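The sequence shown runs -20 to -1, 1 to 219 under mature numbering (1 follows the signal peptide of the UniProt record, and there is no 0). Beta carbons are placed, not taken as given, at the ideal position from N, Cα and C, and that holds for glycine. Bear in mind the structure is a predicted one, so any value in this text is a computation, not a measurement.
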Amino acid sequence: MKKLLFFTLLGFAAATHAIAASVTLATEEYPPFSYRDGKAIKGASVEQVDKLMKDAGIDYKIEMMPWARAYNLAQTTPLSCVFTTAHNAKRDPMFRWVEPLLVDRNILITRSGSGVVASDLEEAKKYTIGTQREDYTETTLKENGFTKLDVATDFNATLRKLLNGRIDMMPISEIYFAKLKAEQPLDKVTVLSSQQMGIACEKNFPSDLLTKMQAALDRLIASGTQKTIFIKYGLSSAD
């Protein structure tokens, strides 16, 4: 009987430990949504994730890495999620979702004075478009028949290529473009897509944790905190 009680308690302790295990939330360098400031990871999405995880009472850590690695981690590793992730039909069954961290349109932009002109996506196909490996925009571009793609490891690498004239256009969040165009010589060309974006978690992610995270995000939005965070990072158009 004592042995049975011992193993029962041991099993309970192991189960409790599993429940208390830390959630890993991976993201990429994509300012102002997520970026490094010294050793700290900051941004409009990062701040939302920090607040909702603390409100939900879930132990967690945020890690920054190239998007392809972050995306793969959330597909293969228990208790792992990736953000800020566009929710589309292809990705829907691959993850469990907490959303929205934002609702946004994605546009194609070019450097000012480049001479690049396209009134729609068909006209844009003749140009070389830069994007990031495993980013949803890579899939969106391919699905729309774009073949002249230049794929980099992260957003900043693509932006540098655009500014240096190595590519003709690149996709970008429209609400971020409103901020970036004040800092860089860039122009909007045409709309690529519209999407809801959130936290994508491994498909076997525990339902109780997911429910707590979604409830915490819902409260953050309802209180006006999400909008305040957008304004803080110069994203006031994200109403």
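Considering only DSSP beta bridges, list what N86 is partnered with.
One-based indexing of the sequence shown puts residue 86 at position 106. N86 pairs with S153 and S173.
Can you tell me which of the three DSSP states F63 falls into?
What you label residue 63 is simply residue 83 of the sequence shown in a count that begins at 1. The answer is strand: DSSP assigns F63 an E or B state.
If contacts are defined as beta-carbon pairs under 8 Å, then P151 and L88 qualify, I think. What distance do you get, rounded to the angstrom?
Numbered from 1 along the sequence shown, position 171 holds the residue referred to as residue 151. Numbered from 1 along the sequence shown, position 108 holds the residue referred to as residue 88. Contact flag correct, Cβ pair sits at about 6 Å.
Distance, Cα to Cα, K34 vs P11?
Here residue 34 is taken as the residue at index 54 of the sequence shown, counted from 1. Here residue 11 is taken as the residue at index 31 of the sequence shown, counted from 1. Cα to Cα, the separation comes out at about 23 Å.
From what residue to what residue does the alpha helix (DSSP H) around residue 308 run?
Residue 308 cannot be examined here, being either before or after the span of the chain that is shown, -20 to 219.
Between A(-6) and S2, what straight-line distance do the alpha-carbon atoms span, to the nearest angstrom?
Residue numbering aside, residue -6 sits at position 15 when the sequence shown is read from its first letter. Residue numbering aside, residue 2 sits at position 22 when the sequence shown is read from its first letter. Low confidence applies here, because A(-6) scores a pLDDT of 41, under 50, leaving its location unreliable and the question unanswered by this model.
Going by Cα to Cα distance, which pick from K106, N124 and D134 is closest to R113?
Here residue 113 refers to the residue found at position 133 when the sequence shown is read from its first residue. Comparing Cα positions, the closest option is D134.
If I measure Cβ to Cβ from I38 and keep anything under 8 Å in the same chain, skipping five residues before and after, which residues do I get?
Counted from its first residue, the sequence shown places residue 38 at position 58. So the qualifying residues of the chain are V3, L189, K192 and M193.
Where does D198 land, buried or exposed, given buried means 16+ other C-beta within 10 angstroms?
Residue mapping note: residue 198 aligns to position 218 of the sequence shown, counting from 1. D198 counts as exposed, since fewer than 16 other C-beta atoms from the protein chains shown sit within 10 angstroms of its C-beta.
Within this structure, are the beta carbons of P46 and E8 separated by less than 9 Å?
On the sequence shown, position 66 is the one that residue 46 refers to. On the sequence shown, position 28 is the one that residue 8 refers to. Their beta carbons are under 9 Å apart, which means P46 touches E8 by this criterion.
Roughly how many angstroms lie between the CA atoms of I118 and V131, to the nearest whole one?
The sequence position of residue 118 within the sequence shown is 138, counting from 1. The sequence position of residue 131 within the sequence shown is 151, counting from 1. Checking the sequence shown, residue 118 turns out to be Glu, not Ile. Between E118 and V131, the C-alpha separation is close to 8 Å.
Is T7 helix, strand or coil by DSSP?
Numbered from its first residue, the sequence shown carries residue 7 at position 27. If DSSP states are grouped into helix, strand and coil, T7 belongs with the strands.
Taking just the CA atoms, how far does S99 sit from S14?
Taking the first residue of the sequence shown as 1, we reach residue 14 at position 34. Taking the first residue of the sequence shown as 1, we reach residue 99 at position 119. Computed Cα separation, rounded: 31 Å.
According to the neighbour-count rule (16 or more other Cβ atoms, all chains shown, within 10 Å of its Cβ), is M177 buried or exposed?
Numbered from its first residue, the sequence shown carries residue 177 at position 197. Counting Cβ neighbours within 10 Å, M177 comes out buried, since at least 16 surround it.
Taking the alpha-carbon positions, what's the D115 to A137 distance?
For the purposes of this step, residue 115 is identified with residue 135 of the sequence shown, where counting begins at 1. For the purposes of this step, residue 137 is identified with residue 157 of the sequence shown, where counting begins at 1. D115 and A137: Cα-Cα distance of roughly 13 Å.
Out of A6, S203, T170 and A202, which has the shortest C-alpha to C-alpha gap to S60?
For the purposes of this step, residue 60 is identified with residue 80 of the sequence shown, where counting begins at 1. Of the listed residues, the one whose Cα sits closest to S60 is A6.
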